[in-house]
Amino acid sequence: PAVAAAMRLGAVLSALRPALPLLLGLSLGCSLSLLRASWSHGAAEERCLAPGPPAPPARGAPPDAAEGRPVPGHEDFRPRIVPYYRDPNKPYKKVLRTRYIQTELGFHERLFVAVLTSKATLNTLAVAVNKTVAHHFPRLLYFTGLRSAKVPHGMVLVAHGDERPIWLMYETMNYIHQHFGSDYDWFYIMQDDTYAQAEQVKALVTHLSINQDVYLGRAEEFIGGDEQARYCHGGFGYLLSRSLLLKLHAHLDSCRNEILSVRPDEWLGRCIIDFLGITCVSQLQGQHYHTYELAKNTEPEKEEEEEFQAALAVHPVSDMTLMYRLHKQFSRIQLDRVYQEIQDLQMQIRNLTALTPAGEAGVTWPVGINAPFLPKSRFEVISWDYFTEQHLFSCPDGSPKCELSGASKADVSEIIESAVEQLNRLYQPLLRFTKRQLLNGYRRFDPTRGMEYTLDLLLEAATQKGHSHVLAKRVSLVRPLSKVEIIPMPYVTEATRVQLVLPLTVQDLDFVANFLDMFAMNTLDMHDNALLTLLFIYHPYDAQRVGQLDVFAGVKAMVGELEKRYAEVKIPWISVKTEVPSQVKLMDIVSKKHPVDTLFFLASVWTEINMEFLNRCRMNAISNWQVFFPVHFQEFNPALVYRGEQTASSNTDFLRDGHFDRHSFAEACFYNSDYMTARTKLAADILDRDEVLESMEVFDVFLHYSGLHLFRAVEPGLVQKYTLRSCNPRLSEELYHRCVLSNLEGLASRSHLAMALFEQEQANST
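When you line the sequence shown up against full-length UniProt numbering, it's residues 1 to 766, in that order.
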């Protein structure tokens, strides 16, 4: 029996052996938990039963909090939904939103720059300052006592009417506070005989805290004054924080009446010290305000001192030429620094890449630039464009060969020159290369890295001993994408009224009803701020018979019904008699009948108007800045696309059911003032040759006779049903050719056409 019991115990232990670690772990965990709970409970009891007065509450906590009782306003935060309730007895007040979201959030611009000038130096030193650094600062104004008869172009000037230096400083500080005190965080004051490194000044303010009262510049001692007090020398510029400016404004009048000084910078410094107790400093928060004082007859090109190269401001600058020379020298210094930083970064990239799994093979060329785009299918392959020094074999108009000119010619010349320069830099002094001919040139634009070039150059290589040899060499170059910048655009709103202009011919009568229905449903019913003007284009034969038979009588009846349905709406029409309905001539008639600030939308009868597109028309057409020519979406011929099947639903599959018609320029959004300006230049160019207008569209007028931005983009909100347009053969050859291409490409996609041909061949074979 003992042996049998031992065998049974062994069998049980062998069965429990895999679970033994788990059981031991659970037992140990439970024991530790019970032990810790008993310790915590005992400590709590000791605290509660400890004799003596109760411990004081924490600083800032109410007395009830020490006793453990809940305190109103100090309970644990629990989110809750507050239902919206509007008192029906109170009138509804519309909430006015700010124009920009940064205004509503309380954001400020970073830096405002004021330049103190005079009538004598406005056209000399002030112009030099404007040409060298003005485009680097976000906002720059010039302040003077008296202004000259003619203000230099591109300068915003504020004249105070008095040349006294102290008065000029007093009025300038008042003006800055009144107009810009709530918009900027930092204010930089400089004179027109000061050269400031704009980028260094902008970098300085990004490293300073805006929560302090800052008076930063070149600290100078007062003559016979307190040794501890300092003022900022105006010749080297100085920086004021917004908080200091706001505090200073309340004391400016007292400073003007109580402080006597000859120099405006001393007067301002004394005002800040006496009323705010803040002295000028040259170093703050680890940032140094470096300056350099120019000696007479200084040669900026020969200045190699570290103090000169680190200077944020240089003074005094005696003339315009010296200002330009300083700007050139500091630009060269900054460029050398950038090149050195690039080399250091490339070296670090090489060293780090060697430690990656890919090793040195993972280093891209050029180092630091994104690797070339790798296509995942043949449809994503970026094609190369072939060129020579005279011709380009990939032309914008689709022709196989065109002359290399304009920006493309300058681009090719610069790339060849850069390639030869890099070769000489690499092989000198052993070899000296001279270009003889460009054998082959290839270029392509890679959106991930920039423009890539491959050149086959015929070079003449000369040695140090005078021997020369002609050889062909292939080089590769990359023009990388530089820093992306946001182009500032004028502010526009969606409240602008849009004037729709619809030209109609006899061939368009079948589609007018649908256009008017969509216009009524999407604009009139929605109370959109849009009006409609119809332009009836009569053929001379129809115009003679208008008394007996008006071809547009049905359209006029539909317009009358709309005006009855919408009593506040009037839809005017204009009748024109012509054999050749030139878009420019028609627009000339409409333009004269509307105010100059009218926003036109030139529509076609196949356009389906909707609020989404009208809002984009308002936002993309900017007066005196930009015109908008949308590329509408053209649906394919349903007979070829569906071939008897059920047509697609309202959710159109753009890849299957249509395409963006890039040959059509019928739709356009522009302001009447911009059109009138461009049209005046066109009239001066063509004189009395009105037949030229028959070969032009409104797009051509803006393209060739205005300096505005032409915004041409696909517009998915502008959808047109399929129809076979009638192309007028009396128009110019180019316009007629574009119309025919639009009809052909609008039939169907290649796959649909191939399927239709296949089915036709199958039917013929059977």
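Here a beta-carbon is modelled for each residue, glycine too, at the ideal position from N, C-alpha and C.
From a predicted model like this one, the values you see are computed outputs, not experimental measurements.
Alpha-carbon spacing of residue i relative to residue j, whole angstroms
{"i": "Ala198", "j": "Val317", "result": "16 Å"}
{"i": "Gln212", "j": "Lys247", "result": "12 Å"}
{"i": "Ser664", "j": "Lys592", "result": "25 Å"}
{"i": "residue 771", "j": "Arg497", "result": "An answer regarding residue 771 cannot be provided, because it is not within the stretch 1 to 766 covered by the chain."}
{"i": "Leu500", "j": "Arg643", "result": "36 Å"}
{"i": "Ile176", "j": "Gln287", "result": "25 Å"}
{"i": "Asp265", "j": "Cys280", "result": "11 Å"}
{"i": "Gln390", "j": "Leu457", "result": "15 Å"}
{"i": "Gln200", "j": "Thr353", "result": "33 Å"}
{"i": "Leu322", "j": "Arg337", "result": "23 Å"}
{"i": "Ala61", "j": "Ile81", "result": "Bear in mind that the predicted position of Ala61 carries a pLDDT of just 40, short of 50, making it unreliable; the figure below should be weighed with that in mind. Taking the straight line joining both Cα atoms gives about 28 Å."}
{"i": "Ala371", "j": "Ser418", "result": "22 Å"}
{"i": "Ser209", "j": "Gln178", "result": "23 Å"}
{"i": "Ala668", "j": "Leu687", "result": "26 Å"}
Residue i and residue j closer than 8 Å at C-beta
{"i": "Leu252", "j": "Met173", "result": "yes"}
{"i": "Asn637", "j": "Leu747", "result": "yes"}
{"i": "Ile415", "j": "Lys435", "result": "no"}
{"i": "Leu157", "j": "Tyr142", "result": "yes"}
{"i": "Leu284", "j": "Leu326", "result": "no"}
{"i": "Pro716", "j": "Phe628", "result": "no"}
{"i": "Leu504", "j": "Val512", "result": "yes"}
{"i": "Ser261", "j": "Ile166", "result": "yes"}
{"i": "Gly181", "j": "Arg230", "result": "no"}
{"i": "Ala530", "j": "Leu640", "result": "no"}
{"i": "Val129", "j": "Asp185", "result": "no"}
{"i": "Glu109", "j": "Arg86", "result": "no"}
{"i": "Met190", "j": "Val113", "result": "yes"}
{"i": "Ser282", "j": "Tyr289", "result": "yes"}
{"i": "Met320", "j": "Leu125", "result": "yes"}
{"i": "Ser383", "j": "Arg444", "result": "yes"}
{"i": "Ile369", "j": "Arg449", "result": "yes"}
{"i": "Arg270", "j": "Ile259", "result": "yes"}
Beta bridge counterpart(s) of residue i as assigned by DSSP
{"i": "Gln191", "result": "Leu116"}
{"i": "Arg712", "result": "Phe629"}
{"i": "Met451", "result": "Phe445 and Arg479"}
{"i": "Asn440", "result": "Asp456"}
{"i": "Cys255", "result": "Note: Cys255 sits in no beta bridge, so no partner."}
{"i": "Trp186", "result": "Leu111 and Ser241"}
{"i": "Val281", "result": "Leu216"}
DSSP-derived helix/strand/coil call for residue i
{"i": "Trp573", "result": "strand"}
{"i": "His632", "result": "strand"}
{"i": "Glu485", "result": "coil"}
{"i": "Gly717", "result": "strand"}
{"i": "Ala159", "result": "strand"}
{"i": "Val492", "result": "coil"}
{"i": "Leu655", "result": "Annotation note: pLDDT 44 at Leu655 (below 50); position unreliable, coordinate value reported separately. DSSP places Leu655 in helix when its eight states are reduced to three."}
{"i": "Arg474", "result": "strand"}
{"i": "Lys435", "result": "strand"}
{"i": "Asp385", "result": "strand"}
{"i": "Cys232", "result": "strand"}
{"i": "Phe143", "result": "strand"}
{"i": "Pro70", "result": "Caution applies to Pro70, whose pLDDT of 45 falls short of 50 and renders its modelled position unreliable; the value that the coordinates give is listed next. Three-state DSSP puts Pro70 in coil, outside helix and strand."}
{"i": "Thr677", "result": "helix"}
{"i": "Glu667", "result": "coil"}
{"i": "Cys395", "result": "coil"}
{"i": "Ser468", "result": "strand"}
{"i": "His539", "result": "coil"}
{"i": "Pro300", "result": "helix"}
{"i": "Ala354", "result": "coil"}
Pick from the options that is closest to residue i, judged by C-alpha positions
{"i": "Leu535", "options": "Phe519, Lys473, Val605 and Ala472", "result": "Val605"}
{"i": "Gly695", "options": "Thr121, Cys739, Ala128 and Ala520", "result": "The residue asked about is misnamed: residue 695 is Ser in this sequence, not Gly. Taking only the C-alpha atoms, the option nearest Ser695 is Cys739."}
{"i": "Gly466", "options": "Pro429, Pro21, Asp213 and Thr448", "result": "Pro429"}
{"i": "Arg565", "options": "Val551, Phe601, Thr533 and Leu516", "result": "Leu516"}
{"i": "Gly658", "options": "Val113, Lys296, Lys721 and Ala114", "result": "Lys721"}
{"i": "Gly560", "options": "Val551, Ile571 and Ala19", "result": "Ile571"}
{"i": "Thr388", "options": "Glu403, Arg378 and Gly398", "result": "Glu403"}
{"i": "Glu460", "options": "Glu485, Leu431, Met451 and Glu579", "result": "Leu431"}
{"i": "Lys131", "options": "Leu355, Tyr195, His108 and Ala159", "result": "Tyr195"}
{"i": "Asp397", "options": "Gly106, Cys669 and Arg662", "result": "Arg662"}
{"i": "Ala621", "options": "Thr144, Asp674, Ala557 and Arg218", "result": "Asp674"}
{"i": "His527", "options": "Val569, Leu374 and Pro490", "result": "Val569"}
Below-8 Å beta-carbon distance, residue i vs any chain C residue
{"i": "Lys577", "result": "Checking the listed chains, one finds no chain C in this structure; it contains a single protein chain."}
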